[in-house]
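Report on the structure given below.
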Amino acid sequence: GGCANTLKKSLLDEFGEVEVNLEVEPREITLEIEEDKTEALKVQLRSLGYPLTSDNLSTFQEVGTTAKSFVSCAIGKIDSQK
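Once you know that position 72 of the sequence shown is 59 in our numbering, the rest is easy, because the numbers rise by one and skip nothing.
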């Protein structure tokens, strides 16, 4: 969907590959991230119109490796880069 594509494209350069689970609502994103980049991720998601559903990244499987969190795609933004 548009939400997943927008998130993947927009976060790729700074954060690498992002998985978006479209089976759950709110959407779940999974990515590998350094702990010191978590605030930048939150800011970027907010600027895209997909804020985290809570201000915490839900899961750090190991510090600074894989983070899972939920984003709200209900706002929906049109990917204007097409």
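A virtual CB, placed ideally from N, CA and C, is assigned to each residue, including glycine.
The beta carbon of residue 6 is closer than 8 Å to those of 16, 17 and 18 in its chain, skipping five residues each way along the sequence.
Taken through DSSP and simplified to helix, strand or coil, residue 7 comes out as strand. Counting along the chain, no alpha helix (DSSP H) covers residue 15; the unbroken beta strand (DSSP E) around it starts and ends at 14 to 19.
Residue -7 is positioned such that its CB atom lies no closer than 8 Å to that of residue 32.
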